[in-house]
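Sequential numbering of the sequence shown, starting at 43, is according to my numbering. Ideal Cβ positions, reconstructed from N, Cα and C, are used throughout, including at glycine.
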Amino acid sequence: MKKRVILLLTIMAAIAIVPAEAKKREKITPEQKGILTINRPTAEAHVEFLASDALKGRESGTEHGHIAGEYLIAVLKQMGATPLFGKDFAQPFDAYSIERKNAGFTVNPEGIEKIKKAPHRIAPMRNILAKIEGKNPEEIVVVGAHYDHLGYDEMLVGDKIFNGADDNASGVQAVLQILRAFLATGEQPQRTVIFALWDGEERGLLGSTYFVNNFAEIKKVKAYMNFDMIGRNNMNHRPHHFNLMYMPEDSIYKQWLLSDIQKHSLRLDPDFKTSEDFSGGSDQVPFFKAGASIAWYQTGGQPDFHMPTDECDRINWDKMVEITKAAFLCLWKMANNTF
Ligand SMILES: [Zn+2]
Numbered sequence: 043m044k045k046r047v048i049l050l051l052t053i054m055a056a057i058a059i060v061p062a063e064a065k066k067r068e069k070i071t072p073e074q075k076g077i078l079t080i081n082r083p084t085a086e087a088h089v090e091f092l093a094s095d096a097l098k099g100r101e102s103g104t105e106h107g108h109i110a111g112e113y114l115i116a117v118l119k120q121m122g123a124t125p126l127f128g129k130d131f132a133q134p135f136d137a138y139s140i141e142r143k144n145a146g147f148t149v150n151p152e153g154i155e156k157i158k159k160a161p162h163r164i165a166p167m168r169n170i171l172a173k174i175e176g177k178n179p180e181e182i183v184v185v186g187a188h189y190d191h192l193g194y195d196e197m198l199v200g201d202k203i204f205n206g207a208d209d210n211a212s213g214v215q216a217v218l219q220i221l222r223a224f225l226a227t228g229e230q231p232q233r234t235v236i237f238a239l240w241d242g243e244e245r246g247l248l249g250s251t252y253f254v255n256n257f258a259e260i261k262k263v264k265a266y267m268n269f270d271m272i273g274r275n276n277m278n279h280r281p282h283h284f285n286l287m288y289m290p291e292d293s294i295y296k297q298w299l300l301s302d303i304q305k306h307s308l309r310l311d312p313d314f315k316t317s318e319d320f321s322g323g324s325d326q327v328p329f330f331k332a333g334a335s336i337a338w339y340q341t342g343g344q345p346d347f348h349m350p351t352d353e354c355d356r357i358n359w360d361k362m363v364e365i366t367k368a369a370f371l372c373l374w375k376m377a378n379n380t381f
């Protein structure tokens, strides 16, 4: 008799659990599916490889910059991403400069014509570009981060390698994790989303400039999200701090972020900075000039900026991952909501 009661109770419990579990599963939104894939081990894997001494500071136009690009292509293939152009994730371009080392490089056709008349240098560079086609491909949002850094300096005493963990392996991991999260939602976004890893930023925003100047559909680009350094603390008393920068008319980005921080319990302490002018500093410049709305995530200046000490052991990993989650949630809305 006792056994029967137990059996009956077990069956009743099982029946009660199944619909509850099913309901729970039903409730997982595409955003939640995406956010679950963003994590610290992935962040560490990308940043520790890109900022390793083996990559020698991934200077654009050099062998080590090229190796960094090969790594990004391998990661994109592994996650089943689609190249923006044809079969190839890489968008190659040549940057030109006059003969003297450290002279400025350009991708501007008029500038190149002038440079070509005298002894000059050519640096082969590559943007690495993927996309998710939207239901309405007439509207595009772009998310990007530069993957190049300053290389190495043989004459430097001591550590000669500019690892660029914060600048900007931190931003690259964000773009890669956000792309994987988009794929994990299982949903096609409303707008087309382009995921861009720019080359040549440190030499003068060359990759993003080349892209904007040559992309036939640039007029369809509504918004550009940029990452340049999201891995460090620049205020000891605010370890979860970062800046979100946007134009005054785009205060929707602030509203989204504040509600996402609550909804997803993100440990973040943002400052909001609005500006009418994004014509300096990073890869948002050519998009700003092309008329796109800008959302720029950054943790701000730090003492190891453009120094060989910009290393992995100084990264605030947990914050970097939380910023990546927040940015994914924002980009998901940029890709799907009317704004
Ligand atoms: Zn940078």
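Just confirm the distance between the C-beta atoms of residue i and residue j, as a whole number of angstroms; I'd bet it's less than 8 Å.
i    : j    : result
A382 : T79  : Shown here, the chain extends from 43 to 381; a query on residue 382 therefore has no answer.
E90  : C354 : 5 Å
A334 : V235 : Not confirmed; about 13 Å, so no contact.
K262 : I182 : 5 Å
P350 : K202 : 7 Å
G111 : R168 : 5 Å
D209 : D352 : 6 Å
R245 : F147 : 5 Å
L286 : Y339 : 6 Å
Q344 : R280 : Contact flag wrong, Cβ pair sits at about 13 Å.
L239 : L114 : 5 Å
G342 : N276 : 4 Å
A337 : D270 : Contact doesn't hold; Cβ gap of about 12 Å is too wide.
I170 : F131 : 5 Å
A216 : T366 : 4 Å
Using only alpha-carbon positions, find the residue among the options that is nearest to residue i.
i    : options                   : result
W76  : A368, F253, T316 and E259 : Inspection of the sequence shows that residue 76 is occupied by Gly rather than by Trp. Of A368, F253, T316 and E259, the residue nearest in Cα terms is A368.
A87  : M267, I365, A211 and I115 : A211
L308 : Q326, P328 and H282       : H282
A172 : D195, I220, D190 and A137 : I220
D195 : K69, K98, L299 and H108   : K98
R233 : Y266, I70 and E364        : Y266
F204 : G246, D95, K129 and M287  : D95
Q16  : A85, K158, L225 and E364  : Residue 16 lies beyond the range of the chain shown here (43 to 381); nothing can be said about it.
P328 : L239, M289, F253 and A238 : F253
P166 : T71, S317 and G242        : G242
V214 : E73, D190 and L310        : D190
V185 : F347, G342 and S324       : S324
E141 : F381, F127 and I154       : I154
D396 : E318, K177, F284 and D302 : Given that the chain is displayed from residue 43 to residue 381, the structure contains no residue 396 and the question cannot be resolved.
T84  : M121, P151 and G200       : M121
I404 : E180, L248 and R356       : This structure gives no information on residue 404, because the portion of the chain shown stretches from 43 to 381.
F237 : H162, G228 and S250       : S250
D136 : W359, D346 and N256       : N256
Q133 : H108, D292, M271 and E73  : H108
L126 : I272, D360, G176 and H106 : G176
Taking DSSP's pairing of strands, which residues face residue i in a bridge?
i    : result
N268 : G186 and W338
P125 : A172
R163 : S139
Q304 : None, per the DSSP bridge assignment.
P179 : Its beta-bridge partners do not exist; DSSP assigns none.
E101 : H191
P134 : R168
T148 : Y138
V263 : I182
How would you write the range of the beta strand (DSSP E) that residue i sits in, first residue to last?
i    : result
D30  : Here the chain covers residues 43 to 381 and nothing more, so residue 30 does not appear.
F284 : H283 to Y288
At what residues does the alpha helix (DSSP H) containing residue i begin and finish?
i    : result
H106 : E105 to Q120
P328 : Q326 to K331
F370 : W359 to N378
H348 : H348 -> no alpha helix (DSSP H), and no H or E assigned at all.
R82  : R82 to L92
F320 : No alpha helix (DSSP H) holds F320; DSSP gives it neither H nor E.
S293 : Here S293 belongs to no alpha helix (DSSP H), and DSSP marks it neither H nor E.
I70  : Premise fails: I70 is in no alpha helix (DSSP H) and is neither H nor E.
G249 : L248 to N256
Tell me, please, whether the CB atom of residue i is closer than 9 Å to any CB atom in chain B?
i    : result
M197 : Among the chains of the structure shown, chain B does not appear; only one protein chain is present.
**Request:** Please specify which runs of the alpha helix (DSSP H), each continuous and at least 4 residues long, are wholly inside the segment 191–245, giving them in chain order.
**Result:** 212–226
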